[in-house]
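Inspection log for the structure reproduced underneath, given as structure tokens.
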Amino acid sequence: MIKTPSCNTCIFKSEATKFLSDDEIVQLEKNCASAEFDKGETIFKQGTFSKSVVYLKDGIVKLLPEGPRKNQITAIKKGPDYLGVPTAFDEKHYRYSAVSISKISACFIDIELFKQFVIKNGLFAFRIIINLCKDNLDVFEKCVNKSQKNARGRIAEALLFFKEEIYNSESFILPLTRKELGNYTDTARECVSRILSEFDKDRIIKVAGRKIKIINSKALELIKKTG
DNA sequence: GCATTAACCACAG
DNA sequence: CTGTGGTTAATGC
Numbered sequence: 713m714i715k716t717p718s719c720n721t722c723i724f725k726s727e728a729t730k731f732l733s734d735d736e737i738v739q740l741e742k743n744c745a746s747a748e749f750d751k752g753e754t755i756f757k758q759g760t761f762s763k764s765v766v767y768l769k770d771g772i773v774k775l776l777p778e779g780p781r782k783n784q785i786t787a788i789k790k791g792p793d794y795l796g797v798p799t800a801f802d803e804k805h806y807r808y809s810a811v812s813i814s815k816i817s818a819c820f821i822d823i824e825l826f827k828q829f830v831i832k833n834g835l836f837a838f839r840i841i842i843n844l845c846k847d848n849l850d851v852f853e854k855c856v857n858k859s860q861k862n863a864r865g866r867i868a869e870a871l872l873f874f875k876e877e878i879y880n881s882e883s884f885i886l887p888l889t890r891k892e893l894g895n896y897t898d899t900a901r902e903c904v905s906r907i908l909s910e911f912d913k914d915r916i917i918k919v920a921g922r923k924i925k926i927i928n929s930k931a932l933e934l935i936k937k938t939g
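Take 713 as the starting number for the first sequence in this note's numbering and just add one per residue.
Now the structure itself:
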């Protein structure tokens, strides 16, 4: 089912898009297409021709660059947000894959048009740059965490990330398997199990399979900081 | 040395 | 896919 998007009235209209002129909005509507994905579908794949920027309107996605041994869950993104911007300007191929970990809805925006907006509309470009800066700083932080925090600290951090950045709730269903959470936190799958049940035993969180309820955020914050 | 941490392995559910 | 237990290698005190 092909939908004709109405970018101007879209309830997920991005901060950047708010700065587009009426004329530019018309251009955008002509050059983007909306699609829905179920959990586990590939939005774009590393190595394929980078011909769109994806505007993730709603839902959660994991970004996975291919490593020599396996794909690495490097970032988890929640809509609304743009995906694939880093390869939009001067790269022919996507440099990582994006796979949905919930139902999502997304728009595919023609890359040439996206470039034109950035070149011609400073305020649009400014919003895009803000996002890129945040991503960059997040990656730095993750690097530091990986080398300087222990497994408990990294997992505490991941739990707080899901609570604060993804679900805005004390309770949530983990969208990842233990193995994937291990991949995301650079921790062995067994350690993830152990640490989660340890947190449960210490009444810091309540775990029942994928269901997580954070009981003591303060304690988690402390573990995240000192871990 | 001794303790801690986390990965790897194996074996159930 | 998970949870546990045993083992092991690396690191710190």
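By construction, the Cβ of each residue, glycine as well, lies at the ideal position given by its N, Cα and C atoms.
In angstroms with no decimal places, state the Cα-to-Cα distance between residue 719 and residue 732. As a first step, residue 719 must be located in the first sequence, where it is residue number 7. As a first step, residue 732 must be located in the first sequence, where it is residue number 20. Between residue 719 and residue 732, the C-alpha separation is close to 10 Å.
Can you name the residues that DSSP bridges to residue 783? The count along the first sequence starts at 1 and reaches residue 783 at position 71. Residue 783 is bridged to 778.
Residue interval of the alpha helix (DSSP H) (run including residue 909): Taking the first residue of the first sequence as position 1, residue 909 is located at position 197. DSSP places residue 909 in the uninterrupted alpha helix (DSSP H) bounded by 901-913.
Could you please give the first and the last residue of the uninterrupted alpha helix (DSSP H) stretch that includes residue 941? No information on residue 941 is available, as it lies outside the stretch 713 to 939 that the chain covers here.
Residues bridged to residue 754 by DSSP? Here the question's residue 754 lines up with position 42 in the first sequence. Residue 754 is bridged to 811.
DSSP three-state assignment for residue 817, whether helix, strand or coil: Within the first sequence, numbered from 1, the residue matching residue 817 stands at position 105. In the structure shown, residue 817 falls within a strand segment according to DSSP collapsed to helix, strand and coil.
Is the separation between the beta-carbon of residue 814 and that of residue 771 shorter than 7 Å? To locate residue 814, count along the first sequence from 1; it is residue 102. To locate residue 771, count along the first sequence from 1; it is residue 59. Yes, the pair counts as a contact, with Cβ atoms nearer than the cut-off.
Where residue 931 and residue 769 are concerned, what is the direct C-alpha to C-alpha distance, given to the nearest angstrom? Position 219 of the first sequence, counted from the first residue, corresponds to residue 931. Position 57 of the first sequence, counted from the first residue, corresponds to residue 769. Here the alpha carbons of residue 769 and residue 931 stand approximately 33 Å from one another.
Going by the DSSP bridge assignment, what does residue 767 pair with across the sheet? The residue labelled residue 767 in the question sits at position 55 within the first sequence. Among the bridge pairs identified by DSSP, residue 767 is matched with 794 and 819.
Cβ-Cβ distance between residue 885 and residue 923 below 7 Å: As a working note, residue 885 is residue 173 in the first sequence. As a working note, residue 923 is residue 211 in the first sequence. Pairing residue 885 with residue 923 gives a Cβ-Cβ distance under 7 Å.
Name the one or two DSSP bridge partners that residue 884 has. Along the first sequence, read from residue 1 onward, the residue named residue 884 stands at position 172. In DSSP, residue 884 forms a bridge with 924.
Nearest to residue 857 by CA position, among 847, 848, 869 and 846, is which residue? Within the first sequence, the letter at position 145 stands for residue 857. Of the listed residues, the one whose Cα sits closest to residue 857 is 869.
What residue range is occupied by the uninterrupted beta strand (DSSP E) comprising residue 800? As a first step, residue 800 must be located in the first sequence, where it is residue number 88. Secondary structure note for residue 800: it is in no beta strand (DSSP E), with a DSSP letter that is neither H nor E.
Could you say which of 812, 736 and 853 lies nearest to residue 789 if we only look at CA atoms? Position 77 of the first sequence, counted from the start, is the residue given in the question as residue 789. For residue 789, the nearest C-alpha among the options comes from 812.
Who pairs with residue 773 in a beta bridge, going by DSSP? In the first sequence, counting from the first residue as 1, residue 773 sits at position 61. Bridge partners of residue 773: 789 and 812.
List the residues that DSSP assigns as beta-bridge partners of residue 748. Stepping through the first sequence from its first residue, residue 748 is reached at position 36. Under DSSP, residue 748 forms a beta bridge with 817.
Pick out whichever of 867, 835 and 880 has its Cα sitting closest to the Cα of residue 909. Along the first sequence, read from residue 1 onward, the residue named residue 909 stands at position 197. Considering only alpha carbons, the answer is 867.
So, under 8 Å CB-CB, residue 777 and residue 807 are touching, yes? Tell me the CB distance rounded to an integer number of Å. Position 65 of the first sequence, counted from the start, is the residue given in the question as residue 777. Position 95 of the first sequence, counted from the start, is the residue given in the question as residue 807. In this structure residue 777 is in contact with residue 807, their Cβ atoms being roughly 7 Å apart against a cut-off of 8 Å.
Pick out the complete alpha helix (DSSP H) segments inside the region 848-894, 4 residues or longer, and give them in chain order. Runs found: 863-873.
Buried or exposed, going by whether 16 or more other CB atoms sit within 10 Å of the CB of residue 889? On the first sequence, residue 889 is found 177 positions in, with the first residue counted as 1. Residue burial is scored here from C-beta neighbours: residue 889 has fewer than 16 other C-beta atoms within 10 angstroms and is therefore classed as exposed.
Straight-line gap, residue 759 to residue 805 (C-alpha atoms, nearest Å): For the purposes of this step, residue 759 is identified with residue 47 of the first sequence, where counting begins at 1. For the purposes of this step, residue 805 is identified with residue 93 of the first sequence, where counting begins at 1. Going from the Cα of residue 759 to the Cα of residue 805 covers about 5 Å.
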